[in-house]
Amino acid sequence: MDLRHLIQKPVARRLWHNELVDPIQSVCHGFLLNDSVLSDCRIDRVLSTLQSDPMSFENPTTATTGRIIFEILRLGGRLTAAGDALVGDIGLSSARWQVLSTAQFLPDPGTVSDIAQSLGLARQSVQRVVNELEVAGLVTLADNPAHLRARLVVPSEAGRAALTEAETRRQSWTDSLAEMVDPEDAATAERVLIQLRRALDR
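Numbering (the UniProt record's numbering) for the sequence shown: 1 to 202.
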């Protein structure tokens, strides 16, 4: 999936197209994003190039926001790998864990589209993971009174047990990471990430 598909909304497009996407294309051919892994391009290489060849940003906040976005991209692959290692032996992966936990904690049982919307992902990619979860016996697909074709994704007993174990492991893992982060910095980072997500949702 072309990363630019993620930034079609006006606020994001102004930031990325003029100040980030065009310079990146000289470094990365295609600039493809697939399951958090960039094809023909390493984010570390992109960031290094951008740092050595400063761009003319409109203001310091724009420059900082651009760097935050790239740190998020660099962090994404590392989080995916860490999640895979954390829960791989209980039949989950980072992608399965993300979709299964979203299905569990939606206010009401949701469809694949509901889960995709909550996560900000393409419906097709979530459908693929739901299919895997169903085959693994971690979810069931229930009839949906509101839509005959869009069935509801419901965690099975085995799925709920896997989530309970995953949460226990996640808590311990997060505790160890939190020891390396200043509490005030963590609170600020949370606010900034929420603001960016809401800006992209507009």
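A virtual CB, placed ideally from N, CA and C, is assigned to each residue, including glycine.
- Ser156 and Ala122 have their C-alpha atoms spaced approximately 24 Å apart.
- Residue pairing for Pro155: DSSP places it in a beta bridge opposite Val139.
- When secondary structure is reduced to three states using DSSP, Gly120 falls in the coil class, being assigned neither helix nor strand.
- Residues of the same chain with a CB within less than 8 Å of the CB of Ala186, apart from the 5 flanking positions on each side, are Ala178 in chain order.
- DSSP places Gly110 within a strand segment (E or B) once states are collapsed to three.
- Looking at Ala81, Gln98 and Arg78, the one whose alpha-carbon comes closest to that of Ala162 is Gln98.
- Under the criterion of beta carbons closer than 8 Å, Gly159 and Leu119 do not qualify as touching, at roughly 17 Å.
- Residues Val154 and Ser156 of the same chain have their beta carbon placed closer than 6 Å to that of Thr140, with the five preceding and five following residues left out of the count.
- Two segments are said to touch when three or more pairs of C-beta atoms, one from each, lie closer than 8 Å; by this definition the segment 102 to 115 touches the segment 125 to 134.
- Excluding five sequence positions before and after Ser94, the CB atoms of its chain that fall closer than 6 Å to its own CB belong to Thr80, Gly83 and Asp84, given in chain order.
- Here Val192 is not near Ile69, since their CB atoms are 8 Å or more apart.
- By the Cβ-count criterion, Arg96 is buried, with 16 or more other Cβ atoms from all chains shown falling within 10 Å of its own Cβ.
- Contact check for Leu152 and Ala142: beta-carbon distance about 4 Å, within the 8 Å limit, so the pair qualifies.
- Between Trp173 and Leu75, the gap from beta carbon to beta carbon reaches 8 Å or more.
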